[in-house]
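One line per chain: the protein sequences are A and B, in this order.
Heads up, the first sequence is in numbering that gives the first Met the number 0, so the first residue is 0 and it goes up one at a time.
Heads up, the second sequence is in numbering that gives the first Met the number 0, so the first residue is 0 and it goes up one at a time.
Note that beta-carbon positions come from the ideal geometry of N, C-alpha and C, so glycine has one too.
Right, one structure below, let's go through it.
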Amino acid sequence: MVDLATRPSGPVPAPAVPGPRSGRSVRLLGRVGGPGLVVTYLSLLVVLPVAALLSHALSGGLGAFWHAVSQPEAVAALKLTLWCSLAVAAFNAVAGLVIAWVLVRDDFRGKGVVNAVIDLPFALPTVVAGLTLLTLYGPDSPFHVDVANTPVGILLALAFVTLPFSVRSVQPVLAELDRETEEAAASLGATPAAVLRRVILPGLAPAMLAGAGLAFARALGEFGSVVLISGNIPFKTEVASSWIYSLSQSDDLSGAAAISVVLVATALVVLVGIGFLRRRFDISEAA
Amino acid sequence: MSSRWRWPLRVGALGYLGLLVVVPVGSIFYRAFQHGLGAAWDAVTTPDALHALWLTFIVAAIAVPLDTVFGVGVALILSRHRFRGAWLLDALVDVPLAISPVIVGLGLVLVYGKTGWFGNWLAARGIQVIFSLPGIVMASATVALPYVVREVLPVLQEIGTDQEQAAVTLGAAPLAVFARITLPSIRRSLSYGVTLTTARVLGEFGAVVVVSGAIEGRTQTLTLFIQDGIENLDTAGAYAGAVILAVIALLVLAALGRDRTEGRGRRHPWRSPSDPSPSGSARPLRSTTSPSMSPTAP
Chain A
0 MVDLATRPSG PVPAPAVPGP RSGRSVRLLG RVGGPGLVVT YLSLLVVLPV
50 AALLSHALSG GLGAFWHAVS QPEAVAALKL TLWCSLAVAA FNAVAGLVIA
100 WVLVRDDFRG KGVVNAVIDL PFALPTVVAG LTLLTLYGPD SPFHVDVANT
150 PVGILLALAF VTLPFSVRSV QPVLAELDRE TEEAAASLGA TPAAVLRRVI
200 LPGLAPAMLA GAGLAFARAL GEFGSVVLIS GNIPFKTEVA SSWIYSLSQS
250 DDLSGAAAIS VVLVATALVV LVGIGFLRRR FDISEAA
Chain B
0 MSSRWRWPLR VGALGYLGLL VVVPVGSIFY RAFQHGLGAA WDAVTTPDAL
50 HALWLTFIVA AIAVPLDTVF GVGVALILSR HRFRGAWLLD ALVDVPLAIS
100 PVIVGLGLVL VYGKTGWFGN WLAARGIQVI FSLPGIVMAS ATVALPYVVR
150 EVLPVLQEIG TDQEQAAVTL GAAPLAVFAR ITLPSIRRSL SYGVTLTTAR
200 VLGEFGAVVV VSGAIEGRTQ TLTLFIQDGI ENLDTAGAYA GAVILAVIAL
250 LVLAALGRDR TEGRGRRHPW RSPSDPSPSG SARPLRSTTS PSMSPTAP
């Protein structure tokens with residue numbers, strides 16, 4: 000069993016010896032039928048829709064694409080989405096680090112419950128998330144804090160749904176971080192701030208970046224939790240996904256596809272960029 | 000770090016979690032039951048609410064098995080065969096996680112809608128996909144498609160094929176190998192994946208709202224019923240519906256949490272769209288961990 004744990008996790012070649020008693024037709028079904036069904040399913044649900052998005056976005060030529068993307072309402076929605084997502088990813092990177100720190104290094108009664116609560120935003124349907132925030136921070140707020148129909152409401156919703164990404168990417172790395180280095184630095188007279196900056200943060204930076212990237216990508220496309228609390232006021236609180244939704248409801252499918260392509264491309268660029276940065280971190284760590 | 004920082008950090012972390020997650024989620028329970036249990040019961044037994052519950056159940060009953068079979072199939076193909084384009088299959092599975100649910104729905108409308116690629120073909124055969132049950136099922140199945148693959152694939156890669164090959168040389172038929180060897184070894188990760196798939200299907204909103212048209216009493220799932228209730232100020236129904244989904248979410252967390260304490264190590268019910276192994280971020284530190292600390296160790 001020991002070598003199982005250390006086995007490289009690459010694809011394992013198929014057994015070359017076919018079962019002597021297995022019927023020919025069964026083998027044929029396994030060989031062609033299974034992969035065929037899988038590819039069909041994936042094509043019907045993912046490949047064709049993505050192809051259709053690209054094709055519709057560019058169906059009227061680049062001019063039409065640009066026209067759809069440069070509509071004032073589209074630009075406003077994209078800008079709002081972009082800065083809200085960036086702000087939330089950055090804020091939750093710090094909040095996620097603090098929460099992960101408390102979960103890993105601190106000890107108190109009920110820590111297990113707190114640890115489970117981190118995953119609640121993931122398990123909770125987005126509409127329910129939106130409703131919970133609206134209940135507490137909407138017009139009927141028991142605290143008299145009403146952020147409904149404002150960008151603050153959007154930030155709140157995005158912070159809620161992206162929280163698990165920010166905490167869970169840092170937590171395992173923090174748990175594995177070598178504490179002896181920290182203790183050595185402290186015993187050599189480094190202040191806590193210096194230990195944090197010189198020892199802890201460099202080790203955590205790739206994980207924090209990864210978490211922020213995932214949070215950003217999730218925030219860019221978030222719809223359900225934002226839509227209830229933001230009020231979807233054009234030019235003020237309308238995010239890109241809800242602009243796509245309203246275009247699709249008014250049958251401007253090509254316009255909706257164009258905005259979608261911009262949104263997906265932005266997420267891709269950020270994720271690829273973060274991957275690149277993390278590799279550079281990893282290399283400098285290993286050196 | 001010095002104990003001077005312990006309390007501020009603890010208060011900050013717990014305060015943020017409390018105000019962002021715990022108190023808001025608690026408040027919907029309060030709002031749902033503030034007029035008593037009877038009022039909440041009445042709110043979820045109106046014809047529209049019952050239909051939304053029923054439709055949500057039907058959608059899950061179709062979409063979850065489909066995703067499960069597909070997920071196990073993809074995991075088997077990716078772990079047991081080497082072929083050109085394996086990376087593409089691997090990447091395509093993650094697409095629904097990386098794009099907005101609204102865009103998932105839009106893509107389906109562009110293919111199966113009235114003016115979509117297959118619109119005429121489907122209309123000529125009298126099949127309505129968009130604004131109807133098949134569309135809702137497809138949207139739900141698409142957004143939840145990666146979970147089973149991402150749970151089962153690492154386990155299949157980890158266990159290897161030694162036992163399966165032994166069974167084959169002893170004359171076991173492929174189905175017997177799957178039922179007797181493969182399935183028992185992936186049972187736990189499979190149940191984990193199915194739980195996540197079910198949770199996602201029951202709670203999906205963005206993709207479904209685009210394809211369903213949200214026709215009351217016809218294509219309104221529970222999440223759409225909740226949103227409709229808020230917009231039309233029928234808050235009693237919305238809160239009662241939200242409580243049902245919140246309870247399901249808590250049950251899912253409890254199920255996964257127990258699994259985690261049973262020694263599955265760090266398993267988290269989310270998976271990154273870009274990086275199939277979150278622990279990969281720990282690579283430079285890996286050398287310090289013994290094999291027995293690896294997340295999949297028994």
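| query | result |
| --- | --- |
| Taking the beta carbon of B:W86 as the centre, do at least 16 other beta carbons fall within 10 Å, making it buried, or is it exposed? | exposed |
| Along the chain, where does the alpha helix (DSSP H) that runs through A:K110 open and close? | K110 to V116 |
| Along the segment 226–249 of chain A, what residues have a CB closer than 7 Å to any CB found in chain B? | L227, S240, I243, Y244 and S247 |
| Roughly how many angstroms separate the alpha carbons of B:R9 and A:L173, rounded to a whole number? | 16 Å |
| Step through the CB atoms of chain A and report whether any lies within less than 8 Å of the CB of B:G134. | no |
| Tell me whether B:L49 is buried or exposed, calling it buried when 16 or more other Cβ atoms sit within 10 Å of its Cβ. | exposed |
| In chain B, which residues lie with their C-beta within 9 Å of the C-beta of A:T125? | P100, G202, E203, F204, G205 and T222 |
| Looking at chain A, is there any beta carbon in it that lies within less than 8 Å of the beta carbon of B:G192? | no |
| DSSP three-state label for A:V146, please. | coil |
| Where does the unbroken alpha helix (DSSP H) through B:R79 begin, and where does it stop? | P46 to R79 |
| Kindly indicate which three-state DSSP category A:G254 falls into: helix, strand or coil? | helix |
| For B:D161 and B:L155, what's the separation of their Cα atoms in angstroms? | 11 Å |
| In whole angstroms, give me the CA-to-CA distance for B:S26 and B:A245. | 11 Å |
| For B:P294, which of helix, strand or coil comes out of DSSP? | With a pLDDT of 36 at B:P294, under the threshold of 50, the modelled position of that residue is not reliable, and the figure given next carries that caveat. The answer is coil: DSSP assigns B:P294 none of H, G, I, E or B. |
| What's the C-alpha gap between B:V374 and A:R178? | The question about residue 374 of chain B has no answer here: the residues shown for chain B are numbered 0 through 297. |
| Please report the distance separating the alpha-carbon of A:L155 from that of B:G202. | 20 Å |
| Please compile the residues from chain A whose C-beta is within a distance smaller than 7 Å of the C-beta of B:F69. | V37 and Y40 |
| Using a beta-carbon distance below 8 Å, is A:T134 in contact with chain B? | yes |
| Say whether chain A places a C-beta atom closer than 8 Å to the C-beta of B:V94. | yes |
| Please tell me whether A:T161 and A:R217 are closer than 8 Å, where the distance is taken between their beta carbons. | yes |
| Between A:D303 and chain B, is any beta-carbon pair separated by less than 8 Å? | Because residue 303 of chain A is not part of the residues shown, which for chain A are 0 to 286, the question remains open. |
| Please decide whether B:G72 counts as near chain A, where near means a Cβ-Cβ distance under 8 Å. | yes |
| Report, in whole angstroms, the separation of the C-beta atoms of A:I243 and B:L105, which I expect to be a contact under 8 Å. | 6 Å |
| At 4 residues or longer, what runs of the alpha helix (DSSP H) sit wholly inside the segment 100–175 of chain B? | 100–111, 118–123, 132–142, 145–158 and 161–168 |
| For the segment 95–120 of chain A, which residues have a beta carbon sitting closer than 9 Å to at least one beta carbon of chain B? | V97, I98, A99, W100, V101, L102, R104, D105, F107, G111, V113, N114, A115, V116, I117, D118, L119 and P120 |
| Can you round the beta-carbon distance between A:S240 and B:S99 to whole angstroms, since I take them to be within the 8 Å contact cut? | 5 Å |
| Got a sec: which bits of the segment 256–268 of chain A sit with their beta carbon under 7 Å from any beta carbon on chain B, in order along the chain? | A256, S259, L262, V263 and A266 |
| Apart from the five residues just before and just after A:S224, which ones in its own chain have a Cβ nearer than 8 Å to its Cβ? | T125, V126, A128, G129, L132, A156, L157, F159 and V160 |
| Throw me the rounded Cβ distance for the B:L54 and B:Q219 pair, which I believe falls under 8 Å. | 7 Å |
| Find the residues of chain B that neighbour A:L131, judging by a C-beta separation of less than 7 Å, and give them in chain order. | It should be noted that the sequence gives Thr, not Leu, for residue 131 of chain A. P23, V24, S26 and I27, listed in chain order. |
| Note down the Cα distance separating A:T190 from A:A204, rounded to an integer number of angstroms. | 20 Å |
| In chain B, which residues lie less than 8 Å from A:A158 when you measure between Cβ atoms? | L19 |
| What did DSSP end up calling A:H55 once you bin it into helix, strand or coil? | helix |
| In the DSSP assignment, find the alpha helix (DSSP H) that holds A:A294 and state where it starts and stops. | Chain A is shown from 0 up to 286; residue 294 of chain A falls before or after that span and cannot be answered. |
| Helix, strand or coil: which one does DSSP assign to A:F159? | helix |
| Report whether the distance from the Cβ of A:S42 to the nearest heavy atom of the ligand FAD is below 7 Å. | What this structure holds is no ligand at all, so the ligand FAD is not there to describe. |
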